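Each residue of the sequence shown is one higher than the one before, starting from 167 at the first, in this note's numbering.
Ideal placement from N, C-alpha and C gives every residue a C-beta, glycine not left out.
No experiment lies behind these values; they were computed from the predicted model shown.
Just below is one structure, and these are the notes that go with it.
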Amino acid sequence: MKAFFSKLSQAVMLPIALLPAAGIMLGLGGSFTNQSMIDAYNIGILQDGTLLNSFLQVMTAAGGIVFANLPLMFALAIAIGFARAEKGAAALAATISYLVMNVAIAKTLSVAGMVDTTNNTVVLMGNHYAGVLADVLGIQNTLSMGVFGGLIAGGITVILHNKYHDVKLPEFLGFFGGARFVPIVSAFSALFYGIALVFVWPYIGAAFGSIGATLGEMTASGHGYIASFIFGIIERALIPVGLHHVFYLPLWQTEIGGTAEIAGQVYKGTQNIFFGSLANGDYSQFSSTNFMTGKFPFMMFGLPAAAYAMYTLADKENKKEVGGLLFSVALTAFLTGITEPIEFTFLFLSAPLYYFIHVPLAGLSFMIMDLLNVKVGMTFSGGFIDFALFGMLPGLTGTENHWYYIPLLGLIYGPVYFLLFRWFIVKFDIKTPGRKGSAVAVVRKKDYQEAKAGGANDSQVDEMIEALGGKDNIVDVDACITRLRITVKNGDLVKDNKYWTENLGAKGLVKVGGTGIQAIYGAQAAGFKAQINSKLGK
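As structure tokens, then:
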């Protein structure tokens, strides 16, 4: 199960990686076409009807289309991520499956007379279910399943693909064999499970909706901070095993995170509600951000301060080299919110430092932001770029999102992280980089230079393959933003964490189950993936 969810987390990173670009377009377009901001600052070139205003409206729409079609992207991501071969054919089959599934749902609802157009509800067994209808890719009145619809279509498709991608048909049907058979069988399957979902999903949607309503009621009654605290604890605790995406995705993208009607359209999930608000200027729905805002204080201020604490404790002769390493990972955390490089720097040296100091502080950050009613969203992480676009810009243009509490709390969180990390490291004699003879750098200088030049050299790639048990032991190599995610036949043949950090420049190695391997390389991971797959002939 660990290996499966690790693979799932890896697969869903493909559409998530699109969100920063889409979010920037929405953030800039939505903020600079906000009439309140234009009137407040009397900016003539941004008035409605000007060339710049028209361009920004196009930019807003371009960003919005990405968020509007995330379910299809998730269907594609699951197919590509789990397909063992012929990934292109799997992606095509997933697209066809998603379309056929939605058409089958819409037509079944129509011919069965299950749509009450007066109240815009689905009638099933005499009960009316509101909020479960949607228009998807031009298909009217299908079921609103969000990313779950994409996961269902992609999941069933990949099962069929892995079973039939090399099927051999009789000679007179030979043209339709192999990978060409997969879209055909996937389309027919989607027809039937689409019909079945008509009689199942309204109940599931209602259940998810009740969870979202409960979270909304907790927030409205002043108790949402409890849910925010628990969310922050669990989300950070799952980072080491790479399963945090699976945890937060339903809250960000489905009814579990709440629903809101904005400009006549229903949005589901905290992230979709936030960007729907941003795009339409309906800032009353910014209350949806309690599962996002808490990341900013500890990512922008806390973890960089922890890096500084480790720097101050390095041996005098090592400070110059250690300073370069820690400054780079601290700057990455501050600007982009990619924190795994710095988190793994101390996680593998002392798990208690991670789980007993860092994780509780992260949970408190979510709770405090909720208590202070701070409403700042994000694309995928809590760095300064997202803070400026989705916190400062809307806040400075008239939105009551209380963005200024983030740097104010940061001024507290920085010293707290610094003092607690310094105390813990000294108290328990943790050999952080450059301290008491420990390794000066997590990434070797040679590896850094090669990464700047475009990746590892041939010999290092060969070493990685050998450390994974050799070519015959490797089943699949993929990567998310910061990790190489490898599936092997026998995990016992893979070299240990010490070998990967000292000889291969990794920031850490995680074994998930018996066959899942995660090598943490930061931003270099995607390049290493391409090089290894090239060596393997994939």
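Those residues which DSSP pairs with residue i across a bridge
{"i": "Leu290", "result": "Asn293"}
{"i": "Ile433", "result": "Checking the sequence, you will find Tyr at residue 433 rather than Ile. Per DSSP, Ala426."}
{"i": "Gln684", "result": "Arg651, Val676"}
{"i": "Thr308", "result": "Ala300"}
{"i": "Asp644", "result": "Arg651"}
For residue i, three-class secondary structure by DSSP
{"i": "Asn438", "result": "helix"}
{"i": "Asp448", "result": "coil"}
{"i": "Lys486", "result": "helix"}
{"i": "Lys677", "result": "strand"}
{"i": "Ile596", "result": "coil"}
{"i": "Val366", "result": "coil"}
{"i": "Asp662", "result": "coil"}
{"i": "Asp282", "result": "strand"}
{"i": "Asn268", "result": "helix"}
{"i": "Arg250", "result": "coil"}
{"i": "Thr502", "result": "helix"}
{"i": "Lys461", "result": "helix"}
{"i": "Asp214", "result": "coil"}
{"i": "Pro336", "result": "coil"}
{"i": "Arg601", "result": "coil"}
{"i": "Val608", "result": "Model confidence at Val608 stands at a pLDDT of 42, short of 50, so the residue's coordinates are unreliable and nothing is read from them."}
{"i": "Glu616", "result": "Residue confidence for Glu616 is low, a pLDDT of 45 falling below 50, so the modelled location carries little weight; the figure read from the coordinates is stated next. Helix, per DSSP."}
{"i": "Gly343", "result": "coil"}
{"i": "Leu357", "result": "helix"}
Rounded straight-line distance, which links the Cα of residue j to that of residue i
{"i": "Gly321", "j": "Ala177", "result": "11 Å"}
{"i": "Thr420", "j": "His568", "result": "26 Å"}
{"i": "Arg651", "j": "Glu252", "result": "19 Å"}
{"i": "Gly340", "j": "Ser355", "result": "21 Å"}
{"i": "Ile428", "j": "Lys434", "result": "11 Å"}
{"i": "Arg588", "j": "Asn286", "result": "59 Å"}
{"i": "Met311", "j": "Tyr414", "result": "17 Å"}
{"i": "Gln690", "j": "Glu506", "result": "13 Å"}
{"i": "Gly193", "j": "Thr648", "result": "25 Å"}
{"i": "Tyr521", "j": "Leu299", "result": "42 Å"}
{"i": "Gly230", "j": "Leu236", "result": "10 Å"}
{"i": "Val495", "j": "Gly688", "result": "9 Å"}
{"i": "Gln684", "j": "Leu469", "result": "22 Å"}
{"i": "Leu586", "j": "Gly682", "result": "33 Å"}
{"i": "Phe500", "j": "Ser220", "result": "33 Å"}
{"i": "Tyr570", "j": "Gly576", "result": "10 Å"}
{"i": "Phe440", "j": "Ile211", "result": "27 Å"}
{"i": "Lys612", "j": "Lys486", "result": "With a pLDDT of 43 at Lys612, under the threshold of 50, the modelled position of this residue cannot be trusted; read the value that follows with caution. One C-alpha to the other measures close to 17 Å."}
{"i": "Asp556", "j": "Val351", "result": "The sequence given here has Phe at residue 556, not Asp. If you take the alpha carbons of Phe556 and Val351, they lie about 44 Å apart."}
{"i": "Pro560", "j": "Ile551", "result": "13 Å"}
{"i": "Val627", "j": "Phe493", "result": "27 Å"}
{"i": "Pro368", "j": "Arg402", "result": "33 Å"}
{"i": "Ala692", "j": "Asp644", "result": "8 Å"}
{"i": "Leu479", "j": "Gly490", "result": "14 Å"}
{"i": "Leu185", "j": "Ile422", "result": "20 Å"}
{"i": "Lys597", "j": "Asp481", "result": "11 Å"}
{"i": "Lys541", "j": "Ile572", "result": "10 Å"}
{"i": "Ala319", "j": "Asp282", "result": "26 Å"}
{"i": "Asn208", "j": "Leu562", "result": "14 Å"}
{"i": "Ala373", "j": "Val366", "result": "11 Å"}
Distance CB(residue i)-CB(residue j) smaller than 8 Å
{"i": "Gly543", "j": "Gln451", "result": "no"}
{"i": "Ile361", "j": "Thr274", "result": "yes"}
{"i": "Ile182", "j": "His411", "result": "yes"}
{"i": "Ile686", "j": "Phe510", "result": "yes"}
{"i": "Met476", "j": "Pro599", "result": "yes"}
{"i": "Phe532", "j": "Phe397", "result": "yes"}
{"i": "Leu675", "j": "Trp666", "result": "yes"}
{"i": "Leu317", "j": "Val348", "result": "no"}
{"i": "Ile523", "j": "Phe590", "result": "yes"}
{"i": "Ala255", "j": "Val324", "result": "no"}
{"i": "Leu515", "j": "Pro406", "result": "no"}
{"i": "Thr199", "j": "Leu217", "result": "no"}
{"i": "Phe454", "j": "Ala426", "result": "First, the residue type needs correcting, since residue 454 is Ser and not Phe in the sequence shown. Yes, these two residues count as a Cβ contact at 8 Å."}
{"i": "Val232", "j": "Ala188", "result": "yes"}
{"i": "Ile631", "j": "Lys701", "result": "yes"}
{"i": "Lys173", "j": "Gly247", "result": "yes"}
{"i": "Phe240", "j": "Val313", "result": "yes"}
{"i": "Leu238", "j": "Leu309", "result": "no"}
{"i": "Gly424", "j": "Asp536", "result": "no"}
{"i": "Thr653", "j": "Asp638", "result": "no"}
Near the ligand NAD: residue i beta-carbon under 7 Å from a heavy atom
{"i": "Glu483", "result": "As for the ligand NAD, it is missing from this structure, which has no ligand bound."}
Report task. Evaluate the contact criterion for the segment 301–311 versus the segment 269–289: three or more CB pairs, one atom per stretch, below 8 Å. Result -> yes
**Report entry** Three-pair Cβ contact test at 8 Å for the segment 523–542 versus the segment 459–479
**Finding:** yes
Report task. Please determine if the segment 290–301 and the segment 253–260 are in contact, where contact requires at least 3 C-beta pairs separated by less than 8 Å. Result -> no
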